[in-house]
Structures are given as C-alpha cells and as structure tokens.
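Data first, discussion second: the structure below is written as structure tokens.
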Amino acid sequence: MKVTIIADVLGEENNGTTTACMNLVRYLQDCGDEVKIVCCDADKKGWENYYIVKTFNMGPLINKIIERNNVALANPETAVIEEAIKDADIVHIMMPFALGRKAVKLAKKRNIPVTSGFHVQAENFTSHIGMMNFGLANYVTYMTFYETVYKKMNGIHYPTQFIRDLFENTVRHKTNGYVISNGVHDRFKKKKSVRPEELKDKFVILFTGRYSREKSHHILIKAVAKSKYKDKIQLIFAGQGPNYNALRKLSIKKNINMPIMKFFDKDELAKVINYCDLYCHPAEIEIEAIACLEAISCGIVPVIANSKRCATKAFAIDEKNLFKCNDTQDLADKIDYWIEHPEERKQRSKEYLSYTKQFNQTECMKKMRLMMEECIRNN
0 MKVTIIADVL
10 GEENNGTTTA
20 CMNLVRYLQD
30 CGDEVKIVCC
40 DADKKGWENY
50 YIVKTFNMGP
60 LINKIIERNN
70 VALANPETAV
80 IEEAIKDADI
90 VHIMMPFALG
100 RKAVKLAKKR
110 NIPVTSGFHV
120 QAENFTSHIG
130 MMNFGLANYV
140 TYMTFYETVY
150 KKMNGIHYPT
160 QFIRDLFENT
170 VRHKTNGYVI
180 SNGVHDRFKK
190 KKSVRPEELK
200 DKFVILFTGR
210 YSREKSHHIL
220 IKAVAKSKYK
230 DKIQLIFAGQ
240 GPNYNALRKL
250 SIKKNINMPI
260 MKFFDKDELA
270 KVINYCDLYC
280 HPAEIEIEAI
290 ACLEAISCGI
300 VPVIANSKRC
310 ATKAFAIDEK
320 NLFKCNDTQD
330 LADKIDYWIE
340 HPEERKQRSK
350 EYLSYTKQFN
360 QTECMKKMRL
370 MMEECIRNN
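Structure (structure tokens):
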C-alpha cells in the first residue's frame, strides 16, 4: 500500500498529534507499506520520502501566536503536494488546515481516496484568540472544518466516541467515522523505578500536558494550595509550552513546592510515571489524552476533570477518580482522599492495569491500517 500523509504541523514528537502521526508512519513502514510525508520541517529536507513545503505566512498577528506556541504551519504548495500524492493508493490528512485542505482537493481530482484524523478540537484553536468559551466561535470553527475537509472524507479516524459524537452533533451530519484509540506504547507498563532522593519523603503528583490555557495547570496548582498536605506534595508537570513562566509565578504566589517542569522523552517519562503516587488531569479540553492513558497503564491512579468538553473523564472507574471541572476545592479533597487511603489506591491501581489492556498501540495501529484498506476498496 502506498500512503501519503499530510501534516500541517509536524516538528518534534513533543505533542499528541505528532506522536500519533509518527506512530502510524512507523507501523505502516513495519508492514512494508511505502509512506510519504508532506510537512514544512526544513530540518527534514533531503530525507527519504519527505516532501517539504515552506512555512505558511499568515500575517504578523497570527504568526506571533503560532511562534509563541513553538509550532509552524505548512504552506499549501500545489506542486509539492502533487508530487507526493501522484502514485498514492490513499492520502491521510492529520489536520484540517491549509495544507490538508489543498491535499484533499488535489487527491479528489485524481480520484484518490482520502482519510483524515480528528486531532483538533475547536477550542485548541479558539483558546489562542481568547474565545475558548465563546460558543459561536467554536461552532464556526467546527463548521469550517466540516465544509473544507471532513465532509469530503472516505473515512475519518476519531480517537474517541466522545469527539465523534461532539463533532457530528455540532455539524448535524453523520460521517463515515472509525473510532480508534491512538494507543499506548508497550514501554508504558508497571515496573520498578527509583525515585530521586530529593522526592523520597514527598507525595508526587504528575500531570503530562502542554503548558497552555486549555490544559488548566493552574487548577491543579490552586488545588494543591488548598490541600491539607500541600507541604508534602510535589507536582511534576511533564511538558513544555507558552505558559511556563506564568505557572511558575502562580506556584510562588500560592506558596506550594515549585513544580518540576520539563519535557521528558518517552523512555524517561515511563520511569517518572512509575515513581509517582497520583496522576491528576485537570484539562478542560481534550480529545483523548494519551498522556493519561500512559499513566494509568503503569498503574497510577488518576483524578480527572469531569468536563463536558473532555474525553478523558471516560477513563474514571468511579467518582473518586473525577473532580468537578475547575473546582479547586473538590480536586483538593480528592487528592487528600487518595493520600489518606493508600490501600485503596493500591487496589485501584490493579484495576487500572487490567482496564488499559484494550489500548495496546499495535492493535490500534492495525485498526488504522484496516480502515485505510477498506476506504481504498470502497472508493
């Protein structure tokens, strides 16, 4: 099978979408498929099967927002896209932006089937222009995604049923969707991990996520400040992003132990997860949260925001694994509960180890490949 993947945003594997993209690429290659990738990563110029376009210039204001988030958007260069898709059996779009939209038009002209991943919630975009909670802005964003990309798809990969239902209910159309988790790599499993000496007497709480508004790190900081055990708690924020300095300032203001804030590679992250005591996921906006799945696959008990705009709440076994969205006191109470009930935490850990077997990454990627084969047959 010859597959061309269109990635408006690629870059390093430091975010969920790029990780999902590269996991798919590696799996298809392992199956013997020929995979071509179109992106704007200048550092990949000259690499085999990479087709590089220029960075999209969207004007000073939008460019500044994009740069602040350490990403680059691809320019929709017709000649480069045509060269990459001319022999393709199928084209797969990662994001519904300019490069993806152009690729859809060009592929359809050649009668090449097109599939797409659904990796962007409207709020991931509107949060950067101060309209995350403005319903009309989110509606217009979803309708634009639908009209320009998703209604033209032979198949759509939804990482969760939650995001499929949300999108289809918003645009009021059924789509040719396939609900397939992005999956969890085998490295994320329960194993012995040596905790650093300076953390030996701490209750360590992990949250993995980009330092951005919709991830709601500030809620966790404020909750820890209200905890009976705030002096004992050490937060680890695994990630990077534009809100780094703001989160440090808030931690000082709330007089909590300064969170450990850094980006960990995947192998190092697996070690960190395995010496943590609790995983808190306060994000208000989330399509799947592989980061949460990675943690609970190691047997770490989670406390998750019960947000109507977040799929992650589906990973809660019961109410003790949920807190009221944006309610810092409720989150503090849940944290205190799990600190005070270590035996129940051990039992819940065992339950999560059993629960996460369904998210094996290889099985999920196998389903992705079957989706593509079916869309080729039905084209």
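Numbered per my numbering, the sequence shown spans residues 0 to 378.
Glycine included, C-beta positions come from ideal geometry on N, C-alpha and C.
In the displayed model, N132 falls within coil according to three-state DSSP, outside both helix and strand.
The segment 64 to 151 contains, as complete beta strand (DSSP E) runs of 3+ residues, the segments 89 to 92, 113 to 116 (chain order).
About 5 Å separates the beta carbon of R308 from that of I284, a gap short enough to meet the 8 Å contact definition.
For D317, the number of other beta carbons within 10 angstroms of its own is below 16, and it is reported as exposed. For L277, the beta-bridge partners assigned by DSSP are I204. Going by DSSP, G15 is part of the alpha helix (DSSP H) stretching over 15 to 29. The secondary-structure analysis by DSSP pairs M260 across a beta bridge with F236.
At least 8 Å separates the beta-carbon of A313 from that of F117.
Counted as a single uninterrupted DSSP element, the beta strand (DSSP E) harbouring F322 occupies residues 321 to 323. DSSP lists no bridge partner for G45. Taking all protein chains in view, the Cβ of R109 is surrounded by fewer than 16 other Cβ atoms within 10 Å, so the residue is classified as exposed.
Distance check between K225 and each of E197, N256, L135, A237 places N256 closest, using alpha-carbon atoms only. Out of L219, Y26, G134, the CA that lies nearest to the CA of Q328 is found in L219. For T327, the enclosing alpha helix (DSSP H) begins and ends at 327 to 339. Excluding its 5 nearest sequence neighbours in each direction, A121 has C-beta neighbours in its own chain below 6 Å: N137, T140, Y141, listed in chain order. For H217, there is no enclosing beta strand (DSSP E); the residue is part of the alpha helix (DSSP H) that begins and ends at 216 to 225. Excluding the 5 residues flanking it on each side, G238 has same chain C-beta neighbours closer than 7 Å at T207, G208, R209, Y210, F262, in chain order. For P75, the closest alpha carbon among the candidates T16, G182, I92, N123 is that of I92. If you look at C38, you'll find it in the beta strand (DSSP E) that goes 33 to 38.
Shortest Cα-Cα distance from K221 to any of G99, N378, V79, N325 involves N325. In the DSSP assignment, N305 falls outside any alpha helix (DSSP H) and lies within the beta strand (DSSP E) extending over 301 to 305. In terms of Cβ geometry, G99 and D40 do not form a close pair [threshold 8 Å]. Closest in alpha carbon position to A106, among I4, H156, K231, K252, is I4.
Distance from the Cα of F358 is smallest, within the candidate group C275, R212, I179, N132, for I179. P95 and E146 have their C-alpha atoms some 10 Å from each other. Using a Cβ distance threshold of 8 Å, A87 and K1 count as a contacting pair.
In this structure, the beta-carbon distance from N153 to V113 falls below 8 Å. Beta-bridge annotation (DSSP): K1 is paired with E33. Residue pairing by DSSP leaves T174 without any beta bridge partner. For A71, the CB contacts under 6 Å within the same chain, skipping 5 residues up- and downstream, are C39, T54 in chain order. Contact check between the segment 22 to 40 and the segment 361 to 371: three or more CB pairs, one atom from each, fall below 8 Å, which counts as touching.
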